[in-house]
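>
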Amino acid sequence: MAKDYYEVLGVSKDSTTAEIKKAYKKLAKKYHPDVSSSNNTEEKFKEINEAFSVLGNEKKKNNYDRFGSAEGGFGGQGFGGQSHGFGGFDFNDVEDIFSSFFGGGRKRKSHGPQRGSDLQYNLNVSFEDAALGAEHQVSIEKTTKCKSCKGKGAKKPDDVENCSTCDGSGTVTRQTRTPFGYFSQSGVCGTCRGEGKKIKNPCSTCNGIGIVNDDVKIDIKIPEGIRDGTTLKLGGHGDAGIKDGPSGDLYIRIQVSEGELFTRIDDDLYIDAKINFAQAAIGDEIKVPTLKGKVKLKIPSGTQTHTNFRIKDNGIKHLNSTNKGDLYVRVIIETPNKLTKHEKEFYKEYIGKQENKGFFKSLFE
């Protein structure tokens, strides 16, 4: 008696394509040979794939509903003389479904080692750490190779054997009878997902995947002079590879906080220094903060407010270079809020001697 594909998948004839796919996904996960240890797992898994290959294809489903055969009345001879109806079926659909519950939702390729995914991490650093360089330790959530099975997915090395469905080739060939003869189509083996191997006893730690989720502490060296928005690449620190594949890379995106004292433009630094009228008039020597301590700056007599002075090589080191930017000091002449009687008399006397009495005269009138 022919199999009822609707009964196999546990759906009704009125079910939508999405509902059929959902039912197949649930059953495929339950009966996959790498997950289930039941005696009839392989047979059940083949039966589920056979049903979905028909009901998951709109044309095949219509033929099956009308004629009881996916081939529209001609009948199809596949493995063991049974009608499998794989003609025109996109095996990539099966791979997409498997990728949603194997490997943490990442789509898996069908053959050989698979490289781990690249990861990105945003790291906030202070203005000083970016300017002078520093080391930060961060905790990254990533996949790592399972230590219990060393990434093999099996409890013991001899628990891995050739897939009986494809004889270790990773591919299967289906034949469909058409009005013009038999048509052969090769596709990825649904039992082993193209790997050619089957795990008899999956590792209990990683459930046969070979990788596990983990929190890993990583030391990151912040180079001196790094700028906001720069991305650092740490090769091999991404997700672990599958089936002995190489690990992905970790990309650290640097976000630099604003400085409290300095403004940075390229590798030059800018700072304001306040001086009083007397210092500006007769000159003085002041101390100016830099990234590595204070330095002396000579203020010449007659300095005007907003005058800029350059202190060479006291800016930020150029990234990957020995050269440095400069420090620019803008002097701001402060006007006193309160004056003593003696100070007022002094400034009035000074103003009286000037030909141009504009600013200070209006200040005391």
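Sequential numbering of the sequence shown, starting at 405, is according to the numbering used here.
For each residue, glycine too, the CB sits at the ideal point set by N, CA and C.
(1) Is the beta carbon of Thr667 closer than 8 Å to that of Ala684?
(2) Going by DSSP in three states, Thr577 sits in which element: helix, strand or coil?
(3) Check whether the Cβ atoms of Ile452 and Ala432 lie closer than 8 Å to each other.
(4) Do Lys549 and Gly652 have their CB atoms nearer than 8 Å?
(5) Looking at the structure shown, is Leu665 part of a helix, part of a strand, or coil, going by DSSP?
(6) State buried or exposed for Val412, treating a residue as buried only when at least 16 other CB atoms are found within 10 Å of its CB.
(7) Let me check understanding here. Comparing Cα to Cα, which of Gly414, Lys637, Val692 lies closest to Val733?
(8) Going by DSSP, name the residue or residues bridged to Pro693.
(9) So, helix, strand or coil for Arg734, using DSSP?
(10) Could you tell me whether the Cβ atoms of Thr694 and Ile737 are closer together than 8 Å?
(11) Quick one: grab the DSSP three-state call for Val412.
(12) Report, in whole angstroms, the separation of the C-beta atoms of Gly537 and Ile626, which I expect to be a contact under 8 Å.
(13) Buried or exposed for Asp623, going by 16 or more other Cβ atoms inside 10 Å?
(14) Could you tell me which residues DSSP pairs with Glu539 in its beta bridges?
(15) Have a look at Asn444, Lys450, Thr445, Tyr468 and flag the residue whose alpha-carbon is nearest the alpha-carbon of Tyr410.
(16) With distances taken Cα to Cα, identify the nearest neighbour of Lys600 among Asn566, Gln589, Thr726, Val576.
(17) Going by beta-carbon coordinates alone, are Asp562 and Ile603 separated by less than 8 Å?
(18) So if DSSP puts Thr635 in a beta bridge, which residue, or which two residues, is it bridged to?
(19) Excluding the 5 residues preceding and the 5 following Leu638 in the sequence, name in chain order all residues of the same chain whose CB lies nearer than 8 Å to its CB.
(20) For Pro606, name the three-state secondary structure that DSSP assigns.
(21) Thinking Gly649 and Gln518 are a contact (beta carbons under 8 Å), I'd like their distance in whole angstroms, please.
(22) Among Leu665, Gln589, Asp408, Lys429, which residue has its Cα nearest to the Cα of Gln579?
(23) Can you give me the Cβ contacts of Asp717 inside the same chain, cut-off strictly under 7 Å, excluding the 5 residues immediately before and after it?
(24) Quick one: measure Cβ to Cβ for Asp688 and Gly719, integer angstroms, because I've assumed they're closer than 8 Å.
(25) In chain order, what residues of the same chain lie with their CB nearer than 6 Å to the CB of Phe456, ignoring the 5 residues before and after it?
(26) So what does DSSP say about Glu451, is it helix, strand or coil?
(27) Helix or strand or just coil, what does DSSP make of Gln589?
(28) Quick one: is Ile679 buried, meaning 16 or more other Cβ sit within 10 Å of its Cβ, or exposed?
(29) Terminal residues of the continuous beta strand (DSSP E) containing Lys678?
(30) If the criterion is Cβ atoms closer than 8 Å, does the pair Leu527 and His540 meet it?
(31) Can you list, in chain order, the residues of its chain whose CB lies under 6 Å from that of Asn712, leaving out five sequence neighbours each side?
(32) The beta strand (DSSP E) spanning Glu599 covers which residue range?
The structure says:
(1) Mapped onto the sequence shown, residue 684 falls at position 280. Mapped onto the sequence shown, residue 667 falls at position 263. Contact flag unset, no.
(2) Translated into positions along the sequence shown, residue 577 becomes position 173. Note: Thr577 maps to strand in three-state DSSP.
(3) As a working note, residue 452 is residue 48 in the sequence shown. As a working note, residue 432 is residue 28 in the sequence shown. Closer than 8 Å, so yes.
(4) Looking up residue 549 in the sequence shown gives position 145. Looking up residue 652 in the sequence shown gives position 248. No; because the gap between Cβ atoms is not below 8 Å, this pair is not in contact.
(5) Counting from 1 along the sequence shown, the entry for residue 665 is found at position 261. It is coil, neither helix nor strand.
(6) For the purposes of this step, residue 412 is taken as residue 8 along the sequence shown, with counting starting at 1. Result: buried.
(7) Residue 733 sits at position 329 when you count from the first residue of the sequence shown. Closest by C-alpha distance to Val733, out of Gly414, Lys637, Val692, is Val692.
(8) Indexing the sequence shown from 1 puts residue 693 at position 289. Answer is Lys698, bridged to Pro693.
(9) Working through the sequence shown from its first residue, we reach residue 734 at position 330. Residue state for Arg734 is assigned as strand, using DSSP reduced to three classes.
(10) Counting from 1 along the sequence shown, the entry for residue 694 is found at position 290. Counting from 1 along the sequence shown, the entry for residue 737 is found at position 333. Taking C-beta atoms as the reference points, Thr694 and Ile737 fail to come closer than 8 Å.
(11) Numbered from 1 along the sequence shown, position 8 holds the residue referred to as residue 412. Here Val412 sits in helix by DSSP.
(12) Position 133 of the sequence shown holds residue 537. Position 222 of the sequence shown holds residue 626. Your pair Gly537 and Ile626 checks out as a contact, with CB atoms roughly 6 Å apart and the cut at 8 Å.
(13) Counting from one through the sequence shown, the residue named residue 623 turns up at place 219. The residue is exposed, with fewer than 16 neighbouring Cβ atoms inside 10 Å.
(14) Residue numbering aside, residue 539 sits at position 135 when the sequence shown is read from its first letter. DSSP links Glu539 through a beta bridge to Lys625.
(15) Locating residue 410 in the sequence shown gives position 6, counting from the first residue. The residue with the shortest Cα to Cα distance from Tyr410 is Tyr468.
(16) Sequence index remark: in the sequence shown, residue 600 carries index 196 (1-based). A small correction: the amino acid at residue 600 is Gly; Lys does not occupy that position in the sequence shown. Out of Asn566, Gln589, Thr726, Val576, the CA that lies nearest to the CA of Gly600 is found in Asn566.
(17) Within the sequence shown, residue 562 is the residue found at index 158, counting from 1. Within the sequence shown, residue 603 is the residue found at index 199, counting from 1. It is not a contact, given that the beta carbons lie outside the stated cut-off.
(18) Locating residue 635 in the sequence shown gives position 231, where the first residue counts as 1. Paired residue(s): Arg657.
(19) As a first step, residue 638 must be located in the sequence shown, where it is residue number 234. The answer, listed in chain order, is Ile622, Ile624, Asp653, Leu654, Tyr655, Ile656.
(20) Walking along the sequence shown from the start, residue 606 turns up at place 202. Taken through DSSP and simplified to helix, strand or coil, Pro606 comes out as strand.
(21) If you number the sequence shown from 1, residue 649 lands on position 245. If you number the sequence shown from 1, residue 518 lands on position 114. Contact flag correct, Cβ pair sits at about 4 Å.
(22) Here residue 579 refers to the residue found at position 175 of the sequence shown. Restricting attention to Leu665, Gln589, Asp408, Lys429, the CA atom closest to the CA of Gln579 is found in Gln589.
(23) Stepping through the sequence shown from its first residue, residue 717 is reached at position 313. Within the same chain, Cβ atoms closer than 7 Å to the Cβ of Asp717 are found at Lys728, Asp730, the five residues on either side in sequence being excluded.
(24) For the purposes of this step, residue 688 is taken as the residue at position 284 of the sequence shown. For the purposes of this step, residue 719 is taken as the residue at position 315 of the sequence shown. So it is not a contact: roughly 24 Å between Cβ atoms.
(25) Sequence index remark: in the sequence shown, residue 456 carries index 52 (1-based). Only Tyr428 meet the Cβ criterion.
(26) Your numbering for residue 451 matches position 47 in the sequence shown. It is helical.
(27) Reading the sequence shown from its first residue, position 185 is the one you call residue 589. DSSP places Gln589 in strand when its eight states are reduced to three.
(28) Taking the first residue of the sequence shown as 1, we reach residue 679 at position 275. The residue in question, Ile679, is buried, as its Cβ has 16 or more Cβ neighbours within 10 Å.
(29) Counted from its first residue, the sequence shown places residue 678 at position 274. Boundaries of the beta strand (DSSP E) around Lys678: 672–680.
(30) Stepping through the sequence shown from its first residue, residue 527 is reached at position 123. Stepping through the sequence shown from its first residue, residue 540 is reached at position 136. Yes; because the gap between Cβ atoms is below 8 Å, this pair is in contact.
(31) The residue labelled residue 712 in the question sits at position 308 within the sequence shown. Cβ within range, chain order: Tyr732, Arg734.
(32) On the sequence shown, residue 599 is found 195 positions in, with the first residue counted as 1. No beta strand (DSSP E) holds Glu599; DSSP gives it neither H nor E.
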